[in-house]
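What follows is a short report on a single structure.
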Amino acid sequence: MQRLIHKIKSFFSASDSDSAFQSPSKLKIIERKQHGISRKQIDKEALDVLYGLKRAGYDAYLVGGGVRDILLGLEPKDFDVVTNAEPEQVKGVFKSRCRLIGRRFRLAHVYFGRNAIEVATFRGAGEGHQSGNRKQVNNTRAVDDTGRLVRDNVYGTIDEDVWRRDFTVNSLYYDIRNFSVVDYTGGMEDLRKGQLRLIGDPETRYREDPVRMIRAVRFAAKLGFDIEQRTKAPIYELGHLLKDVSHARMFEEVLKLFHSGVAVEVFEKLRHFGLFTFLFPQTHHLLSQESEGFPRMLVIEALKSTDARIQSDKGVNPSFLFAAMLWEPMLQRMEQHLAEGFARQDAMFAAASDVIDQQIYSTSIPKRFISQIKEIWSLQFRLLNRHGNRPQRLSEHPRFRAAYDFMGIRVAAGDDDSLKEVFDWWTEYQKLDAVDQVAFANNVEKPKGRRRRPRRNRNPYRKRSQGRNDQAQTASSDES
17 MQRLIHKIKS FFSASDSDSA FQSPSKLKII ERKQHGISRK QIDKEALDVL YGLKRAGYDA
77 YLVGGGVRDI LLGLEPKDFD VVTNAEPEQV KGVFKSRCRL IGRRFRLAHV YFGRNAIEVA
137 TFRGAGEGHQ SGNRKQVNNT RAVDDTGRLV RDNVYGTIDE DVWRRDFTVN SLYYDIRNFS
197 VVDYTGGMED LRKGQLRLIG DPETRYREDP VRMIRAVRFA AKLGFDIEQR TKAPIYELGH
257 LLKDVSHARM FEEVLKLFHS GVAVEVFEKL RHFGLFTFLF PQTHHLLSQE SEGFPRMLVI
317 EALKSTDARI QSDKGVNPSF LFAAMLWEPM LQRMEQHLAE GFARQDAMFA AASDVIDQQI
377 YSTSIPKRFI SQIKEIWSLQ FRLLNRHGNR PQRLSEHPRF RAAYDFMGIR VAAGDDDSLK
437 EVFDWWTEYQ KLDAVDQVAF ANNVEKPKGR RRRPRRNRNP YRKRSQGRND QAQTASSDES
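Take the sequence shown: its letters are residues 17 to 496, numbered as in the working numbering.
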């Protein structure tokens, strides 16, 4: 019954919304002297694609984030091209430099060395019929019974294509023929207002593609925009639709969210809208039980570190992000294995596998990153044992620097009273030459399993029978 009601509601709301949005009075052509976009601000490769399509007799526009960012005075990350040429025709223009990809959305990638310019064909609205639990349009467009768009290869014109886009600020077209900007949806006005507004009926558009909800969060955080009220309202209730998105796509979207340079703001907005639980359910569960700021402070420190690296044009590794997000769930699970009689090293690796296996029900994690996550976690214990020749061996580990940085965020978050001394020791060790490093390490006493002072008001999951260092040092001794 709910699905039937939704379909009826979607039909009328989408029709009403489209007719309202597609008023001819909405169309604005902004001349070159009025918008300020210069071809000098556009990548040469994107211009080559635009002019190549134009010479071949096709219409070609720059669209999306590249246009938006230039208008906002930002440096675009990439440039997307849209055209009336179909994918096979684009390939005919650019020959061996072009590859066609995608089933859900058929796209052309035109390559310039390792870089690629994405070229999409104008999408059409189409008229469809019902087939099973999918609405089909000429075998090229289909939605499932939740309203999610599972295939959309209906081609159309620019004035149809605009209504298939997500936000008004992303639906501005730069015309290479006369250097004007074409605005069908009031995107220029929304840019001026600092407002993020979805095109069409918000609930219908979110059901078509639930990822639009987290894109709204990302753009709002990145641009410092407010989410318009009608665009915002359905998000609180529709987060569960993210469960239907492929896990591989969710992994990519998580990286876009938290490697955006504004990860802290993204994190808080995801929690505000109730979306974080669908990305990291185990971490969300512990956030609801947090004691003395944990695990929130650890996550915040990790995201601050990631933001700082991105803003300094330094590289970031997905394994570090996932290691931080899942650290507390791993520790909780490790305690359970210890209570079951596992040896400490075995408990850590069993817990790591348990937590990662659970996470991939929400987002996939490529195997290479899974191994790196486990190495970062394992080194948190091994770095505590610093006597003899262990420091030299550990400092040569390929994941040493990531593990050292991870320990640093734990210290910054106040994760362990005695951890700062260990972190400071490793900081000094890295400043020394090889000879002095040996002497420095020889001055370290063998671990004695000292008990650390527990913090007050600790939730049960934060308790350690002998403290984290006791467990960690014993685990490290077991390994050596």
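Glycine residues also receive a C-beta, built at the ideal position from the N, C-alpha and C atoms.
Distance check for residue j and residue i, CA to CA, integer angstroms please.
i	j	result
A237	G404	48 Å
H353	D432	21 Å
L286	G277	15 Å
A76	R234	28 Å
S335	N131	24 Å
I58	H413	42 Å
S262	F338	18 Å
E253	M229	11 Å
R55	E134	18 Å
R221	L258	13 Å
Q446	F365	28 Å
K42	D191	18 Å
V450	T443	The amino acid at residue 450 is misidentified as Val; the sequence shows Ala. Approximately 14 Å, taken between the alpha carbons.
A141	R122	15 Å
H300	F128	42 Å
F37	E205	Reliability of the predicted coordinates at F37 is poor, the pLDDT of 44 falling under 50, and the value obtained from them is presented with this limitation in mind. Their backbone Cα atoms lie some 14 Å apart in a straight line.
L342	R349	11 Å
H275	I117	25 Å
K272	D452	43 Å
M346	D370	8 Å
E5	E317	Residue 5 lies beyond the stretch modelled for the chain, which goes from 17 to 496, so this question has no answer here.
G430	L303	16 Å
L66	Q105	14 Å
L395	F289	35 Å
R360	A419	19 Å
V227	A249	16 Å
F292	G81	24 Å
K107	E91	29 Å
E351	I392	18 Å
Q152	D421	Because Q152 sits at a pLDDT of 40, beneath the cut-off of 50, its placement in the model cannot be relied upon, and the following sentence gives the value as read from the coordinates. For Q152 and D421, the distance between alpha carbons rounds to 51 Å.
A279	N333	14 Å
Residue i: which of the options sits nearest, CA to CA?
i	options	result
M423	S321, A450, E412, A367	S321
R409	S369, V454, T379	V454
D329	N131, G216, K93	K93
P103	D96, S112, H125	H125
E344	V332, R360, I372, I326	I372
A428	L319, Y127, I117, G255	L319
D96	E284, V83, A279	V83
T184	D362, T173, P218	P218
E176	V109, R208, T137	T137
Y189	L87, R265, R208	L87
T201	R115, M266, I174	I174
A72	N100, R417, G80, G52	N100
R402	E269, R417, V438	V438
R113	R265, G68, L78, S411	G68
I53	L399, G108, G172, L78	L78
D64	G80, V109, D85, K44	V109
R223	V460, D260, A359, F267	D260
R417	Q388, Y74, W179, L90	Q388
S85	R115, W179, R208, V98	The sequence shown places Asp at residue 85, rather than the Ser named in the question. The candidate whose alpha carbon is nearest that of D85 is R208.
R398	F385, A279, R415	R415
V282	Q305, D323, D362, F267	D323
L400	R426, Q374, L435	L435
G89	L239, G255, K60	L239
What does DSSP give as the partner residues of residue i in its beta bridges?
i	result
K44	D199
Q305	Partner(s): none; Q305 has no beta bridge.
V97	L78, V135
Q211	D242
I117	L123
D370	Looking at the DSSP assignment, D370 forms no beta bridge with any residue, so it has no partner.
L188	D199
F338	DSSP lists no partner for F338.
F183	L214
Y67	None; Y67 has no bridge partner.
F128	N131
Y171	R139
Can you give the beta carbon distance from residue i to residue j, rounded, assuming they're within the 8 Å contact cut?
i	j	result
K390	A368	5 Å
R119	V170	That pair is no contact at about 14 Å.
R193	S187	With a Cβ gap of about 19 Å, R193 and S187 do not count as contacting.
P407	A340	Wrong, their Cβ atoms sit about 24 Å apart, outside the cutoff.
I251	A264	23 Å between Cβ atoms; not a contact.
Measuring only between beta-carbons, confirm whether residue i sits less than 8 Å from chain D.
i	result
D85	Absent here is chain D; the protein component of the structure consists of one chain.
Inset, instruction - Kindly confirm or deny that the region 45 to 61 and the region 188 to 206 touch, where touching means at least three C-beta pairs closer than 8 Å. - result: Counting Cβ pairs under 8 Å, three or more are found: they touch.
Legend entry - contact_flag[the region 292 to 303, the region 373 to 386] where n(CB pairs < 8 Å) is 3 or more: Judged by pairs of C-beta atoms under 8 Å, the region 292 to 303 touches the region 373 to 386, as three or more such pairs exist.
Legend entry - Stretch-stretch touch, CB-based, cutoff 8 Å, three pairs: the region 239 to 249 with the region 208 to 225: Put simply, the region 239 to 249 touches the region 208 to 225. At least three CB pairs are less than 8 Å apart.
Legend entry - Touch test, the region 354 to 363 against the region 300 to 320, Cβ-Cβ under 8 Å, three pairs minimum: Touching, no.
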